[in-house]
Ligand SMILES: Nc1ncnc2c1ncn2[C@@H]1O[C@H](COP(=O)(O)OP(=O)(O)OP(=O)(O)O)[C@@H](O)[C@H]1O
Ligand SMILES: Nc1ncnc2c1ncn2[C@@H]1O[C@H](COP(=O)(O)OP(=O)(O)OP(=O)(O)O)[C@@H](O)[C@H]1O
Ligand SMILES: [Mg+2]
Ligand SMILES: [Mg+2]
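Protein chains in written order, with my numbering: chain R, 1 to 338; chain H, 1 to 502; chain Y, 1 to 325; chain B, 1 to 323.
Next up, the structure:
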């Protein structure tokens, strides 16, 4: 059906509570921008509610409040892989639609997960961005002994760690000649100043390091600042990772890195709330079904096992994977503003 | 000399949270005056001085400094006007050295100031290490430093609020010498004290405050000691004289307390014993080590040698709570620091030392109420009810409650350290009455005091300490000020003559 | 000379030297000029916060709103830089913010007699909330490269100009607190408030100024943060209050008031920020970061306490012994 | 003076807090009637329980003249310890919980002993403790070899249901809270131990001279707060069904806020369990009510901060007029 018609019929007035892991983080705020925009166009309400401190207990509180407030759907990026299961199950029992985005809970504690990609895809993407940059720099990743390290937020964060794991596996398989100089990884606790400190220390302690991968939106700019502070550029050490284009653009312009990536988080936010509203209206949506999302396109519900091989596959619960992830570099960065 | 007074107070009133402390006080200080102010605890002496110094604001009345009315006084204004108050409780900066304490805020050339200080110290013949941290000073030394602070400021008006309460005889007499010199230089001095003898020694004018009002004023020469006492006391109160019963024989009484050759920090080779119903006085000048002896016995410090027996049980080295349990208790000399729980109720204060003696795990409110009623009546405590905060009581009543606290633990032996320090004349009599009552119930009592009159009035027998050792003992009729005074200063004038003991 | 050896901050300086020495023997690349100065330069934000806060600590008070103040200051700085506001104007505006926050804290503590930990706990929450009100929860990004570069200009490979600026600030503070009466009055009031009143020190003014100094310190810290980090999250500066307090304490400033000097805060800041760096050099996982911080804090405080207690006891015993004939 | 007047005078601040609590409930009820459903209102307790539990014991610490900013970190330490014991070592969950309580107590004992023996600033030591214990929590988790980020979950039903279930409309956690309030009230206000806590807080030296072993009293308050933090950690673990090392890290300031709002003096010697209990409810209800009425969580610090300052000013004026 024509998109315009679809939008009118979808006027639902549903209240969707959209929960980030933590408030005040550019990534989640951008997701909210996307969510709000699609909500306005489609005629449902999105209430964004996050706690400045990322903790399970805080998220449980927010979800409980959402339930009591009479929300029609809750869409959450979970701080913890299992800690929200019970509160979300009880929300579903009360007839509330539950979806997750960005970071999942147990597959039976929600209906749909809107994923930025599988951990495998993302881990691989991180490594591949590094490989491309190394090549640009004149290295030969296939044969050179590349020394590298990971630098991100914490050991306790589920998604970043799973990307690191798959990335590490990918390296072992494809680049056995690479050497991880810090198998325990470096963490900077989402503290921007600490990210710079740790970043500087990595560069000083491993003066011959080739590649630093930062799968966290605070660690990447911190590491890049550390590069600058140490007088290094993109042809000295390769740094890459995930962060929003706006936070890295300057470093690109100053030749501190070649490329970094992310997915279009605005699309992810929009998709998460739109699907939530769609389900809350009572629409059936089973594995294998597709639906046309205004402004985004057709998406398909996949089996849970796409994300987590151990998850159970059931008919009415599944995963939507974002159609694409973006690698930002000098050629395309000006097309994005978030 | 000009006719304007240095300081004049007219109808000064001041209340603290609704309680009127000063009810229209007049006072004037001229050049060359030494004005003594006496009055019971809580009469408002210190409050009045703090108003002059600008540390408190007055509610009503007029403050005139050298003929100029000052509406709002504050300490820096007072200092500019040449007024300085040596406070009753030393207010030094514990983390600064003595020198920094003396000079902080003092204008002028540092070298000259230091020279002036050294001259003053020479004149006074006081021995103080200027580099010591104030934290390590004893109360007496702190008081000396406070006085020095006042002297180097070369004030026109010097207020001394009980400066001698813990000074030695020598220190006091050199201070008096200096005061006389300052008086000749035309400085006005206010001198607050509880010791009547000092009034006659140093002051030319006197003001007595009672209950926030002036009850007597004039030239010192116009009055006798008896007049002053009358001015101090509320109408129709009789002072009963206490004196130990000279002929009481304790030989048959049980020895309840025995100290055998103990040595520790600040004392050496101390021996004495106390019998049931006996009051033993421990006399000495401040710094003789008496408090250290008492505190060590009470489990607060190490006893390095010797033994302490309480009713034949060895309590050497036992903890305070065990010692209390076994029947010894102690009334400390520093009431504010060691005696009272200022923001808690009278009831809680009284039972503080006997909690362990209550059965079970709960506080027994009945015991508490009974204790309160008993001691209120017996010790003549003036209070509203059991829940009144002790901090709101007068000093004398606080001291009675501290004693009640120790008595409530039913001690067989009680040590009282400076039991009437900073307590006014009326309450002092009550405290003496309490002590004799206890004696009559058979408690063995050790009274530590720097006040010789007190020692003489109360004690059946007295030992004196000088520089950490016992240097003499007096019994019965030999307990006189004349005998004690040389002993406490370490002058072996009189041989221990003691016909009864042998 | 004796004074210097006795001074409290020397202990922390010694610890730094020993610690750096140990790390250097383990991994010699730690002891390069570049790395040492990077470590020092990296402590600049904590240093300036600690300098401001030390005034409050001298008084025996505390200010736990510095982290939030720093965050708000950094946020405003960032917003204005993005808007292209003149740098001097930014500096003045943000300084004014610090002063206003200091005045509010100071009024609460001085005139309303609210205990400082409670007052600043309250304002901490309010200020942190304000950051969300101002930004709507968004990061402030896209600060001029030029502005960011300001904090990185170094003399050769050594110290940054902003660190020198902070050192000058510390020096001025030190001289003021050491040689002027008003400066001395901070520690004096912390040592004995009544005593300070007696000798005519302006107690209330001192308290007000201390909280203002703390506000100013953290607002300058906010500006430096914005320049150093280049993007400002709404949680910027959170937890900085505790780290700054720890830095001051490690540097020999007592929370009871009256003790220490601003240098202690500066030195403590270097020590605190060097921990996460040291872990990288010795190859320990950064999970041990806070374990080590905690242990170090406790060990230092406990050692100092034992040493102080011993020496106080020794003095007491000497005094008592000297009395006995 | 009549008995009623006596008690209203004695418990004036607690009454004011209670009225404030009722007023908040009424106002929020008018704004959003759902708020008044028993299920909803009582259910909200589950979400701020840790603060309530811990602040009851931290009241003891403050009354004894101390300060405790480490309790929050003990929550995470306990949670992860219990989780590891249960998952890695196969210890029965209840035994593990009991060991967790002991761990919390030992953590308190550690800081409490240093504070009481060495007379150091409690704020500094517990600040050190908060770094240390949260660090240890992370360290033991990473040493245990399990993937840190996966956390520990899948606890037995019997364990989780204790902290999730209800008796009628009343959540079990609310019952736990009431029991704790009563127990702590008796301990602090009726027993000899509680009396000693007060006396030690007012004047440690006088307490010592009265035969009170103040070292033990001071240490014990930190042990109590460590144990209650551990209990909070267990409650959270059960309620959320997962064990994490960073539980409780953000609780420090709210705990102190609740204790002080409840009328406990931060200089020792004054305080009341009922005050703390009601104050922690006031804060919880305020936060819950505001967010139910659409105020975003990130702004909630503002009203709490204002409440704290304003109520202290009010109390100051009340105290002034009383005398
Ligand atoms: N800051 C204050 N707040 C409340 N009450 C006070 C204050 N200062 C003094 N008082 C009260 O005022 C009264 C007078 O006290 P003040 O210290 O002036 O007596 P004093 O004559 O100096 O007694 P003492 O001989 O014991 O030194 C006392 O009842 C005291 O409790
Ligand atoms: N450095 C100090 N710190 C704390 N209190 C002290 C210090 N020095 C002395 N004191 C206390 O001050 C009081 C007075 O002590 P002082 O040195 O005058 O001798 P003293 O032992 O009391 O002598 P005596 O009892 O014979 O008069 C005592 O209670 C003592 O414990
Ligand atoms: Mg007085
Ligand atoms: Mg003595």
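In this text, a Cβ means the ideal position worked out from N, Cα and C, and glycines have one as well.
Anything in chain B within Cβ reach of residue i, meaning under 7 Å, just list it in chain order.
| i | result |
| --- | --- |
| residue 31 of chain Y | In chain order: nothing, as chain B lies at least about 26 Å away. |
| residue 108 of chain Y | 309 |
| residue 372 of chain H | Within 7 Å Cβ-Cβ: nothing; residue 372 of chain H doesn't reach chain B, min ~15 Å. |
| residue 324 of chain H | 211 |
Whose Cβ in chain H lies nearer than 7 Å to the Cβ of residue i?
| i | result |
| --- | --- |
| residue 213 of chain B | 321 |
| residue 188 of chain Y | 93, 104 |
If you run the structure through DSSP and keep just helix, strand and coil, what is residue i?
| i | result |
| --- | --- |
| residue 161 of chain H | strand |
| residue 108 of chain B | helix |
| residue 320 of chain B | helix |
| residue 311 of chain Y | helix |
| residue 279 of chain H | strand |
| residue 105 of chain Y | helix |
| residue 186 of chain R | strand |
| residue 206 of chain B | helix |
| residue 300 of chain H | coil |
| residue 138 of chain Y | coil |
| residue 365 of chain H | helix |
Should residue i be flagged as near chain Y, meaning a C-beta pair shorter than 8 Å?
| i | result |
| --- | --- |
| residue 410 of chain H | no |
| residue 289 of chain H | yes |
| residue 282 of chain R | no |
| residue 267 of chain H | yes |
| residue 25 of chain R | yes |
For chain H, is any of its Cβ atoms less than 8 Å away from the one on residue i?
| i | result |
| --- | --- |
| residue 190 of chain B | yes |
| residue 315 of chain B | no |
By the DSSP assignment, the beta strand (DSSP E) with residue i in it spans what residues?
| i | result |
| --- | --- |
| residue 198 of chain H | Segment 196-202 is the alpha helix (DSSP H) holding residue 198 of chain H; no beta strand (DSSP E) there. |
| residue 329 of chain H | 328-331 |
| residue 312 of chain H | Looking at the DSSP string, residue 312 of chain H is not in any beta strand (DSSP E), and its letter there is neither H nor E. |
| residue 449 of chain H | 444-449 |
| residue 9 of chain Y | Careful: residue 9 of chain Y lies outside any beta strand (DSSP E), inside the alpha helix (DSSP H) at 9-26. |
| residue 465 of chain H | 461-466 |
Less than 8 Å between CB atoms is the rule here; does residue i satisfy it with respect to chain B?
| i | result |
| --- | --- |
| residue 135 of chain Y | no |
| residue 297 of chain R | no |
| residue 47 of chain R | yes |
For residue i, go through chain B and note every residue whose CB falls closer than 9 Å to its CB, in chain order.
| i | result |
| --- | --- |
| residue 311 of chain Y | Here the premise fails: no neighbours, minimum Cβ distance about 14 Å. |
| residue 53 of chain Y | By Cβ distance, chain B contributes nothing, its closest Cβ being about 13 Å from residue 53 of chain Y, past 9 Å. |
Would you kindly report the start and end of the unbroken alpha helix (DSSP H) that includes residue i?
| i | result |
| --- | --- |
| residue 86 of chain B | 71-88 |
| residue 196 of chain Y | 193-198 |
| residue 87 of chain R | 85-93 |
Is residue i near ligand 6, with its Cβ less than 7 Å from a heavy atom?
| i | result |
| --- | --- |
| residue 161 of chain H | No copy of ligand 6 appears in this structure; the ligands present are ligand 1, ligand 2, ligand 3 and ligand 4. |
Just the chain R side, please: which residues come within less than 7 Å of residue i by C-beta, in chain order?
| i | result |
| --- | --- |
| residue 35 of chain Y | 204 |
Beta-carbon of residue i versus every beta-carbon of chain R: anything under 8 Å?
| i | result |
| --- | --- |
| residue 292 of chain B | yes |
Neighbouring residues (CB closer than 5 Å to any heavy atom of ligand 1): H:16, H:21, H:41, H:42, H:43, H:44, H:45, H:46, H:47, H:395
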